[in-house]
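Protein chains: 2
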Amino acid sequence: GYTTDPEKLYYTTKIFEILVLLLGLTIILRNVFSNLSRKNKRIIFELVVAIFLLVSILIRWNLFGEYPDSVLLTSKKYILTNIFVTLIFIQELGKFSLLVNKLKLSPSLIFILSFSILTIIGTALLYLPRSTTAGISLIDAFFTATSAVCVTGLIVLDTSTAFTPFGQVVIMTLFQIGGLGMMTFTTFFGFFFRGSLSLENSLFLRDYINEKNVGAISSTLIKIVIFTVLVEFFAALLIYVFTEDSLFASAGQKLFFSAFHAISAFCNAGFSTLSSGLYEPGFRYLYHMHLVVAVTIVLGGIGFPVFINYYNYLVRVLTGAVRFVFIGEKYRHTPRVSNINTRLVMYTSTALMLVGFATYWYFEQDFTLKGLSYYGKFVTSVFGAVTPRTAGFNSVDMTALSVPTILIYLILMWIGASPGSTGGGIKTSTFAVALLNTWSVVTGRRRMEIFGRQISAESNRKAFAVIALSFFTIGLGVFLVTIYNPELALIDVAFEIFSAYSTVGLSLGITAQLSTASKLVVTVVMFFGRVGTLTILVAISRKIKERRYKYPEETIYIT
Amino acid sequence: GYTTDPEKLYYTTKIFEILVLLLGLTIILRNVFSNLSRKNKRIIFELVVAIFLLVSILIRWNLFGEYPDSVLLTSKKYILTNIFVTLIFIQELGKFSLLVNKLKLSPSLIFILSFSILTIIGTALLYLPRSTTAGISLIDAFFTATSAVCVTGLIVLDTSTAFTPFGQVVIMTLFQIGGLGMMTFTTFFGFFFRGSLSLENSLFLRDYINEKNVGAISSTLIKIVIFTVLVEFFAALLIYVFTEDSLFASAGQKLFFSAFHAISAFCNAGFSTLSSGLYEPGFRYLYHMHLVVAVTIVLGGIGFPVFINYYNYLVRVLTGAVRFVFIGEKYRHTPRVSNINTRLVMYTSTALMLVGFATYWYFEQDFTLKGLSYYGKFVTSVFGAVTPRTAGFNSVDMTALSVPTILIYLILMWIGASPGSTGGGIKTSTFAVALLNTWSVVTGRRRMEIFGRQISAESNRKAFAVIALSFFTIGLGVFLVTIYNPELALIDVAFEIFSAYSTVGLSLGITAQLSTASKLVVTVVMFFGRVGTLTILVAISRKIKERRYKYPEETIYIT
Ligand SMILES: [K+]
Ligand SMILES: [K+]
Chain A
47 GYTTDPEKLY YTTKIFEILV LLLGLTIILR NVFSNLSRKN KRIIFELVVA
97 IFLLVSILIR WNLFGEYPDS VLLTSKKYIL TNIFVTLIFI QELGKFSLLV
147 NKLKLSPSLI FILSFSILTI IGTALLYLPR STTAGISLID AFFTATSAVC
197 VTGLIVLDTS TAFTPFGQVV IMTLFQIGGL GMMTFTTFFG FFFRGSLSLE
247 NSLFLRDYIN EKNVGAISST LIKIVIFTVL VEFFAALLIY VFTEDSLFAS
297 AGQKLFFSAF HAISAFCNAG FSTLSSGLYE PGFRYLYHMH LVVAVTIVLG
347 GIGFPVFINY YNYLVRVLTG AVRFVFIGEK YRHTPRVSNI NTRLVMYTST
397 ALMLVGFATY WYFEQDFTLK GLSYYGKFVT SVFGAVTPRT AGFNSVDMTA
447 LSVPTILIYL ILMWIGASPG STGGGIKTST FAVALLNTWS VVTGRRRMEI
497 FGRQISAESN RKAFAVIALS FFTIGLGVFL VTIYNPELAL IDVAFEIFSA
547 YSTVGLSLGI TAQLSTASKL VVTVVMFFGR VGTLTILVAI SRKIKERRYK
597 YPEETIYIT
Chain B
47 GYTTDPEKLY YTTKIFEILV LLLGLTIILR NVFSNLSRKN KRIIFELVVA
97 IFLLVSILIR WNLFGEYPDS VLLTSKKYIL TNIFVTLIFI QELGKFSLLV
147 NKLKLSPSLI FILSFSILTI IGTALLYLPR STTAGISLID AFFTATSAVC
197 VTGLIVLDTS TAFTPFGQVV IMTLFQIGGL GMMTFTTFFG FFFRGSLSLE
247 NSLFLRDYIN EKNVGAISST LIKIVIFTVL VEFFAALLIY VFTEDSLFAS
297 AGQKLFFSAF HAISAFCNAG FSTLSSGLYE PGFRYLYHMH LVVAVTIVLG
347 GIGFPVFINY YNYLVRVLTG AVRFVFIGEK YRHTPRVSNI NTRLVMYTST
397 ALMLVGFATY WYFEQDFTLK GLSYYGKFVT SVFGAVTPRT AGFNSVDMTA
447 LSVPTILIYL ILMWIGASPG STGGGIKTST FAVALLNTWS VVTGRRRMEI
497 FGRQISAESN RKAFAVIALS FFTIGLGVFL VTIYNPELAL IDVAFEIFSA
547 YSTVGLSLGI TAQLSTASKL VVTVVMFFGR VGTLTILVAI SRKIKERRYK
597 YPEETIYIT
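Just so you know, the sequences run in chain order A and B. Position one of the first sequence corresponds to residue 47 (my numbering), numbered consecutively onward. Position one of the second sequence corresponds to residue 47 (my numbering), numbered consecutively onward.
Laid out in structure tokens, this is it:
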């Protein structure tokens, strides 16, 4: 069902129609006035699309005679218009990444702007009457769009009942783009449509995907997108297989369910089309499916740099093996399995996963694990260890968790996933550097060393700043929500803000009760958490040139 | 009144008598067998004391005929014995500092051991039947002794009703020694009795009081003790003046009250002989007295290095002025007012005080400030800004605080006082370094600079480690207490543990409800907070010699 407010429906529909009209006109005008030598085959396609858009709007405005409204609303024509608009949107998005690179903005500012723009687009789309079943307030649309773009998963409206299939597709698109990183996504499409990557784009992506070799960036980008699509495809396939048919009205619905949850899991988004998440009756005991979701979450949270590292290693080993077998060439040297970043991330992630599993298993025996089968306990504990970092799905009733588990969740959420991944938090690498620094100070060393490498002082300073800013943002968030919603318990508010900052999306059930001011606070915290408080501050702060001379060094009296 | 358990009274009295007997014998034997050339005038004094102790015990054991028990218990002789025992104890304490220096232990280990030994002595003294009015369990004696030695001020028994005047004197002595630092205290007495300072003692104190010039240590030590005594004396005097006579049964009681609160304030101990602290009816509106206590707290929390810095500056300026006036000597150069440590501490402390005052003023208008006079609101806000850092006195009903104030208190408590002071927390300097580091990372600088000085990387690493360890300790403390006392609200537990770690002593009223296991946890947290988690880890960890060669440097991918 659509919104019940006919006036709102009327105006938004009119605005949409005018926008489509303008879009069609713009495309035609641009192609007419553009440099002839640069015209290519695509212009014909674009002209066809533009004319189609114009005609469809003119039909709707009764220029070719009158049709009953009901025919137009449900007609195939309207769906076709949507498809064309979407295609053009994606194509323009590809050009967008080129455009912003021409603006010569700093990478961090681009990063922030891209997320902001995506959020605004998302808010507008979710505010459309056709997105919701019973209307939505602007703040709720903004909150939901931010939550989706930032792959947080906190919800003020039930995704399953408050949003139409169209709204759900919008949400899914938002967290897919947001999870992959707006710029990764748009650059890929720019690359896809143009066939090459601009230097600016390369330089920006170098920071974002942590690829030092500029020449390898385009291939790295393709690897990332293919990796994403492959994992999401197989995850959706397995979710489809392990979910019972009887739970859905049609195969199409089941397919959509599988795709939605596969993407949501890989992007660590935590959105679900079920009211109670995976705890929904019927889905609660589908442990095979839970395990698929858990593995997908881990793959999304491990970070693209780690994936690229292992991929390159595998390719090298395979190439070597093939050469050895077919050409008889001797294996020259064993390549390093993984670089220091990968190792640090893998060790820390594994340790956190084990700690999460063991503590969940221990503290939840009399709570959420009570009465489950042995396999059920195992899968639920695995899921419980994985979801706070920072997937945000729930396979149990969150309000039934024991207090120790909630405290461990706070820590796991705060640490979060690995850098360059779809997850949030301060990141495993930051946490690892904090531990290494403490260890080296305790053992009285002046250098931080691990795996035969020395960690740079710069990494240490940055990790310290990230941790300090995380506490600042979280503290301020808790403080403000406490002021705007004084009736809420501190632990619930703290959990909510940690969840928002680390883009987890788990909640002890207060999200819908937040006042508008609190919702805005949580929105800002989600945004800061996803983009990074440090990134934002670096982007807006004036760079200070360093002096040529040094001041004398002083040691501060600590403790 | 004394304990009601006659059996316990009998045994502890017997043990005390045997100890006094052994002490007397030891002194005599030592003087007889000691090197004749090293004998000095004090031997005669010691022999007299020893013989007196022996005789007094033999009298009590009826070797010279029988006396009624009641005569002996209340006789002047018994009080004299106590005074002599105390004198000998202090003298031996002075020798103790020399002894531990001969053991060639690391300074941090000495620091830890001295606090441990003082806690054990305190526990034994508070466990004596004469310390309490109605008996005390061993865990409560241990808790109270640790709280006093660590100048925390958390209490499981009401200091005013559960402890006898003797017990209160024990507590006061413990926090006086603990606040000044056990080694400062004992070294001073060793120095006082011997007239000189050993090199080991000097080297240890150099770290502790942050005095770089080894030659200046003995004079610095004297300055510290004189500063302490002077501030405490004038604070007691003013408290005496500003408190009404009618509140006390006698002038002696009023004097004891004044001394107790002056020492407690300067040492940031937070112990009070009033059941409700300064919120006690009758004392509640003595704002002049509150202000005196607040200023004393600030003087104690500012740190001895800062005091020494200003003192030396003042002396130099005065000397210069005197020379100029009387000799006509031209003032050669203006000495630096204060070093970087002092400045950092002063700026941070002032900022925190202002923030504390403003937020208390704003958020408490409808809570603890309601209905107070303008002056009352001012003083209560000043007090409210000062007490969480980390004095622990309360001039209001703590359970009536607004939630925003409680959250701000958590932060102020965590930051705490300045290094080298009687207060706790991570310290203002650590907090300042964290801010400076964040600022320099945000503005893209590779160096941390302030006041024309560069902060060493070592300071930064240490600050990072201190902050990381503080969260680790606090987190573990909250976690364990939550497990052992699942019925308590998280905010109360968090406040309690922050209070314990930063040796604040404020509580939302749950201390007495803690289970024995939780009390032990809080005790350990208090100890870690006072001695410093980093200090403890450095002391117990094996030092790792650094390699001659360096590993290649790597940058970790942060964010
Ligand atoms: K999430
Ligand atoms: K205290």
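The beta-carbon is built from N, C-alpha and C at its ideal position, and this holds for glycine as well.
Does any CB atom of chain B fall closer than 9 Å to the CB of residue i?
i	result
S502 (chain A)	yes
T489 (chain A)	yes
E495 (chain A)	yes
L398 (chain A)	no
Y603 (chain A)	yes
A431 (chain A)	no
K596 (chain A)	yes
E600 (chain A)	yes
Within 9 Å (strictly less), CB to CB, does residue i reach chain A?
i	result
G69 (chain B)	Residue identity check: residue 69 (chain B) is Leu in the sequence provided, not Gly. No, because no Cβ of chain A sits closer than 9 Å to the Cβ of L69 (chain B).
T72 (chain B)	no
A282 (chain B)	no
S475 (chain B)	yes
N387 (chain B)	yes
I529 (chain B)	yes
R435 (chain B)	no
L481 (chain B)	yes
I270 (chain B)	no
List the residues that DSSP assigns as beta-bridge partners of residue i.
i	result
T25 (chain A)	There is simply no residue 25 (chain A) to check, as chain A begins at 47 and stops at 605 in what is shown.
Q500 (chain A)	A:E495, B:E599
How long is the line joining the alpha carbons of residue i and residue j, rounded to whole angstroms?
i	j	result
L276 (chain B)	D291 (chain B)	24 Å
V371 (chain B)	F403 (chain B)	43 Å
S545 (chain B)	T207 (chain A)	46 Å
Q559 (chain A)	F188 (chain A)	16 Å
I556 (chain A)	M572 (chain A)	16 Å
A194 (chain B)	D204 (chain A)	54 Å
E599 (chain B)	T581 (chain B)	28 Å
V117 (chain B)	L69 (chain B)	Because V117 (chain B) sits at a pLDDT of 49, beneath the cut-off of 50, its placement in the model cannot be relied upon, and the following sentence gives the value as read from the coordinates. For V117 (chain B) and L69 (chain B), the distance between alpha carbons rounds to 24 Å.
T451 (chain B)	L398 (chain B)	14 Å
H334 (chain A)	P351 (chain A)	28 Å
I461 (chain A)	I343 (chain A)	15 Å
G469 (chain B)	S502 (chain B)	25 Å
A308 (chain A)	V216 (chain A)	16 Å
I167 (chain B)	I156 (chain B)	16 Å
I472 (chain B)	L456 (chain B)	12 Å
T319 (chain A)	F303 (chain A)	7 Å
T210 (chain B)	I61 (chain B)	20 Å
G331 (chain A)	Y325 (chain A)	It should be noted that the sequence gives Tyr, not Gly, for residue 331 (chain A). The alpha-carbon atoms of Y331 (chain A) and Y325 (chain A) are separated by roughly 8 Å.
L526 (chain B)	R499 (chain B)	43 Å
I543 (chain A)	E504 (chain A)	29 Å
S152 (chain A)	G578 (chain A)	15 Å
A315 (chain A)	V341 (chain B)	53 Å
Q222 (chain A)	V487 (chain B)	31 Å
I want to verify the contact list: residues of chain E whose CB lies under 7 Å from the CB of residue i, in sequence order.
i	result
F525 (chain A)	Here the protein chains are A and B, and chain E is not one of them.
At a CB distance below 9 Å, what residues from the segment 553-584 of chain A approach chain B? Give them in sequence order. G578, L580, T581, L583, V584
Can you list, in chain order, the residues of the segment 312-345 of chain B whose Cβ is nearer than 9 Å to any Cβ on chain A? none
Would you list the residues whose beta-carbon is nearer than 6 Å to any heavy atom of ligand 1, in the order they occur in the chain? The set of residues whose C-beta lies within less than 6 Å of a heavy atom of ligand 1 reads, in chain order, A:V197, A:T198, A:G199, A:N314, A:A315, A:G316, A:T436, A:A437, A:G438, A:T549, A:V550, A:G551.
Name, going along the chain, the residues of the segment 507-523 of chain B whose beta-carbon falls closer than 9 Å to a beta-carbon of chain A. Per Cβ criterion, the list reads R507, K508, A509, F510, A511, V512, I513, A514, L515, F517, F518, G521.
Going along the chain, which residues of the segment 527-551 of chain A sit with their C-beta nearer than 9 Å to a C-beta in chain B? T528, I529, P532, A535, L536, I537, A540
Identify each residue in the segment 154-179 of chain A for which the Cβ-Cβ distance to at least one residue of chain B is less than 9 Å, and report them in chain order. For the segment 154-179 of chain A, which is checked against every Cβ of chain B, not one residue is closer than 9 Å.
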